[in-house]
Amino acid sequence: MSEQQASKVLVGCEECGLVTELPVLTDGQKASCPRCGHTLAKHISQPFQRPLSYGIACLIMLVLSISFPFMSFSVQGISQEITLLHAAKMLSNFKNSLLAALLLLTVVILPAVYITIVLYLYWVAKKLSLTTGTKSVRMFEKRLCRGMTVIEPWLMVDVFLIGVLVSLIKIASLADIGLGMSFWAFCFYTLLVVKCVSMVDRTWLWLQFAPMLPLPGLKVGDSHQSANHVGCHTCAQLNPMPAVSHARCRRCHSTLHPYHPQQSLQRSWALLIAAVVFFVPANLYPMMFTVSLGNSEGSTIMEGVVLLWQLGSYPIAAVIFLASIIIPLAKIFALFWLYMKAQAVGSTDGRQAIQRLRLYRITELIGRWSMIDIFVVAILVALVQLQNLMAIFPGPAALSFASVVILTMLSAMSFDPRIFWTEEGPTASSSNHEQAS
């Protein structure tokens with residue numbers, strides 16, 4: 213291999229498998245796969261300063277979000293005030309510790325851990341950028357990079373905020389609602405977390421830690437079907453085909469996962485079937501119980517939608533119906549169709565593969581938004597606790613519905629979309645970068 217070839221940075225697309233040369237990016241540019249359009253890497257302006265400043269602001273807003281009253285609920289002179297952490301505590305008190313843990317993890321703990329990791333890694337990367345000579349990164353930083361990749365899909369701060377807003381509108385006609393300082397801090401916290409996550413690119417970050425190692429015999433235009441490399445899901449390094457099981461990446465030492473479409477498909481099918489099983493009790497049993505003047509009444513997801521519609525809360529009824537009925541069903545049917553097509557014997561052309569890949573991307577994007585109904589229940593349970601006058605308790609369907617959301621997310625994550633590309637597509641062109649929007 214010549215010196216010029218050795219200096220090339222080759223990456224494999226995670227969604228179609230095409231090996232592409234990564235161009236040198238400047239501020240505001242991103243590199244996209246020329247075959248499927250998947251973003252391979254991006255370079256934001258002020259790449260070290262902006263993530264650090266946004267990350268610090270995130271942590272400050274998080275501390276403010278959990279330090280003061282979040283909101284209050286008052287009716288006929290009786291009031292109830294809660295903090296953000298109180299919602300999880302109330303779920304735990306009503307023997308829903310799993311839902312309480314889910315709320316804490318996705319809204320408070322995992323975002324805080326993620327932001328802390330981002331701050332540390334970008335600080336280390338900034339220090340390395342100022343050093344001359346050979347760069348070296350410790351195993352600690354490598355593990356943090358792997359952890360950041362695992363945590364990112366489970367950040368649901370934005371979903372929780374929408375759930376809070378739905379809860380407010382849902383009970384605004386029943387009592388006086390007060391918004392505390394922590395509520396407004398949480399709104400800023402949500403915006404900052406979303407912005408911070410959008411600036412992180414693990415391929416670019418890994419290039420600051422260590423250069424890509426060349427792989428002899430690999431060339432632009434190869435793919436997963438060439439059977440001459442294995443891409444690392446953590447750092448995007450292309451490795452030679454492993455001779456033993458559980459081989460590790462030679463750059464970040466993560467466990468390599470060779471292309472085994474049937475194994476991926478079997479895991480995805482199993483998780484999807486489990487989600488369908490939980491979907492039945494999630495819709496048959498009450499999502500929550502409402503106590504009013506000593507009378508307790510349970511309501512399923514659909515009954516709650518009908519009640520909201522009859523009360524004239526058409527937008528909220530539409531949101532709950534979309535997030536809790538349409539999206540889970542649509543995702544289950546979409547994944548079922550995709551898995552059936554992936555299991556079918558035969559080849560597909562590029563147009564069919566791109567169409568199926570787009571549907572797969574949509575299912576991954578919308579899947580977590582079904583958690584809105586769970587967060588609505590969490591807020592209402594914590595806020596509406598006025599003894600026999602008015603109270604709300606979680607129903608047995610809440611845990612089943614959360615299981616549906618988590619299992620469908622895991623099913624989509626386990627699926628390898630490269631299975632759609634059974635024929636070699638067009639080779640990569642040299643102009644595979646474009647201005648970032």
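First residue of the sequence shown? That's 213 in my numbering, and the numbers climb one at a time after it. All C-beta atoms, glycine included, are put in the ideal place defined by N, C-alpha and C. All of these numbers come straight from a predicted model, not from anything done at the bench.
Practice problem: State buried or exposed for Glu-227, treating a residue as buried only when at least 16 other CB atoms are found within 10 Å of its CB. | Solution: Stepping through the sequence shown from its first residue, residue 227 is reached at position 15. Using a 10 angstroms sphere on the CB of Glu-227, the tally of other CB atoms reaches 16 or more, which defines it as buried.
Exercise. Could you tell me the distance, in whole angstroms, from the CA atom of Cys-461 to the CA atom of His-436?
Key: Here residue 461 is taken as the residue at index 249 of the sequence shown, counted from 1. Here residue 436 is taken as the residue at index 224 of the sequence shown, counted from 1. Approximately 16 Å, taken between the alpha carbons.
Quiz item: For Leu-367, which residues of its own chain have a beta-carbon under 8 Å away from its beta-carbon, when the five flanking residues on both sides are left out?
Solution: If you number the sequence shown from 1, residue 367 lands on position 155. Short of 8 Å from the beta carbon of Leu-367, and not among the five residues preceding or following it, lie these beta carbons of its own chain, in chain order: Thr-318, Leu-322, Pro-323, Tyr-326, Val-405 and Val-409.
Quiz item: Do you know how far the Cα of Asn-305 is from the Cα of Gln-288?
Solution: The sequence position of residue 288 within the sequence shown is 76, counting from 1. The sequence position of residue 305 within the sequence shown is 93, counting from 1. C-alpha of Gln-288 to C-alpha of Asn-305: approximately 25 Å in a straight line.
Exercise. Please name the residue, chosen from Ser-291, Val-275, Ile-290 and Lys-307, that lies closest to Leu-165 on a Cα-to-Cα basis.
Key: What the structure shows of the chain is the stretch from 213 to 649, and residue 165 is not part of that stretch, so it cannot be assessed.
Practice problem: Measure the alpha-carbon distance for Ser-480 versus Lys-543 and round it to whole angstroms. | Solution: In the sequence shown, residue 480 corresponds to position 268, counting from 1. In the sequence shown, residue 543 corresponds to position 331, counting from 1. Each residue's alpha carbon lies about 13 Å from the other.
Quiz item: Could you give the distance in angstroms between the alpha-carbon of Leu-252 and the alpha-carbon of Lys-431?
Solution: Along the sequence shown, one-based indexing puts residue 252 at 40. Along the sequence shown, one-based indexing puts residue 431 at 219. Computed Cα separation, rounded: 17 Å.
Quiz item: In this structure, does DSSP put His-250 in helix, strand or coil?
Solution: The residue given as residue 250 occupies position 38 in the sequence shown. If DSSP states are grouped into helix, strand and coil, His-250 belongs with coil.
Quiz item: Do the segment 371-380 and the segment 587-595 make contact, defined as three or more Cβ pairs closer than 8 Å?
Solution: yes
Quiz prompt | Residues near Met-360 in its chain [Cβ-Cβ closer than 8 Å; skip 5 each side] | solution = The residue given as residue 360 occupies position 148 in the sequence shown. The answer, listed in chain order, is Tyr-326, Ile-329, Val-330, Leu-333, Val-412 and Arg-414.
Quiz item: Taking just the CA atoms, how far does Thr-295 sit from Cys-225?
Solution: By one-based count along the sequence shown, residue 225 stands at place 13. By one-based count along the sequence shown, residue 295 stands at place 83. When rounded, the distance between both Cα atoms is 44 Å.
Exercise. Classify Glu-636 as helix, strand or coil using the three-state DSSP reduction.
Key: Residue numbering aside, residue 636 sits at position 424 when the sequence shown is read from its first letter. With a pLDDT of 47 at Glu-636, under the threshold of 50, the modelled position of this residue cannot be trusted; read the value that follows with caution. Coil at Glu-636, not helix or strand.
Quiz item: Are there 16 or more other CB atoms within 10 angstroms of the CB of Thr-402, so buried, or fewer, so exposed?
Solution: On the sequence shown, position 190 is the one that residue 402 refers to. Under this definition Thr-402 is a buried residue.
Quiz item: Three-state secondary structure (DSSP) at Arg-460?
Solution: As a first step, residue 460 is located in the sequence shown; it is residue number 248 there, counting from the start. Strand at Arg-460.
Self-check item: Completely contained alpha helix (DSSP H) runs for the segment 502-534, where each covers 4 or more residues
Solution: 513-522 and 526-533
Quiz prompt | Terminal residues of the beta strand (DSSP E) in which Ala-209 lies | solution = Outside the displayed range of the chain (213 to 649) lies residue 209, so it cannot be described from this structure.
Exercise. On the DSSP bridge assignment, give the partners of Asp-434 in chain order.
Key: As a first step, residue 434 is located in the sequence shown; it is residue number 222 there, counting from the start. In DSSP, Asp-434 forms no bridge with anything.
Quiz item: From what residue to what residue does the beta strand (DSSP E) around Met-283 run?
Solution: Indexing the sequence shown from 1 puts residue 283 at position 71. Taken as a continuous stretch (DSSP letters only), the beta strand (DSSP E) holding Met-283 covers 283-287.
Quiz prompt | Simplified DSSP state of Lys-339, which is helix, strand or coil | solution = Within the sequence shown, the letter at position 127 stands for residue 339. Helix, per DSSP.
Practice problem: Just mark Thr-502 as buried or exposed, buried being the case when its beta carbon has 16 or more other beta carbons within 10 Å. | Solution: Working through the sequence shown from its first residue, we reach residue 502 at position 290. Buried is the call here.
Quiz item: On the premise that Leu-571 lies in contact with Met-283, defined as a C-beta separation below 8 Å, what is that separation, rounded to the nearest angstrom?
Solution: Position 71 of the sequence shown, counted from the first residue, corresponds to residue 283. Position 359 of the sequence shown, counted from the first residue, corresponds to residue 571. About 38 Å separates the two Cβ atoms, so there is no contact after all.
Self-check item: From Leu-315, Ile-618 and Val-223, residue whose alpha carbon lies closest to that of Phe-490
Solution: Here residue 490 refers to the residue found at position 278 of the sequence shown. That would be Ile-618, whose Cα lies nearest to the Cα of Phe-490.
Quiz item: If you check the beta carbons only, do Ile-591 and Ser-379 fall under 7 Å apart?
Solution: Walking along the sequence shown from the start, residue 591 turns up at place 379. Walking along the sequence shown from the start, residue 379 turns up at place 167. Yes, these two residues count as a Cβ contact at 7 Å.
Quiz prompt | Assigned exposure category for Ser-279 - 16 Cβ within 10 Å defines buried | solution = Reading the sequence shown from its first residue, position 67 is the one you call residue 279. Exposed is the call here.
Quiz item: Are at least three pairs of beta-carbons, each pair with one atom in the segment 351-360 and one in the segment 382-401, less than 8 Å apart?
Solution: Contact between the segment 351-360 and the segment 382-401 is absent, because fewer than three Cβ pairs lie under 8 Å.
Exercise. Could you name the residues of the same chain whose beta carbon sits closer than 7 Å to that of Val-336, not counting the 5 residues immediately before and after it, in chain order?
Key: Here residue 336 corresponds to residue number 124 of the sequence shown, with the count starting at 1. Taken in chain order, the residues that qualify are Glu-353.
Exercise. Tell me whether Met-351 is buried or exposed, calling it buried when 16 or more other Cβ atoms sit within 10 Å of its Cβ.
Key: Translated into positions along the sequence shown, residue 351 becomes position 139. The residue is exposed, with fewer than 16 neighbouring Cβ atoms inside 10 Å.
Quiz item: Val-236: which of Pro-259, Gln-522 and Trp-416 sits nearest, CA to CA?
Solution: Taking the sequence shown and counting its residues from 1, one reaches residue 236 at position 24. Minimum Cα distance to Val-236 is reached at Trp-416.
Exercise. Could you tell me how far apart the beta carbons of Val-223 and Ala-459 are, in whole angstroms, since I believe they sit closer than 8 Å?
Key: Counting from 1 along the sequence shown, the entry for residue 223 is found at position 11. Counting from 1 along the sequence shown, the entry for residue 459 is found at position 247. Not confirmed; about 19 Å, so no contact.
Quiz item: Which same chain residues, not among the five before or five after Ala-487, have their C-beta less than 7 Å away from its C-beta?
Solution: The count along the sequence shown starts at 1 and reaches residue 487 at position 275. Taken in chain order, the residues that qualify are Ile-544, Val-616, Leu-619, Thr-620 and Ser-623.
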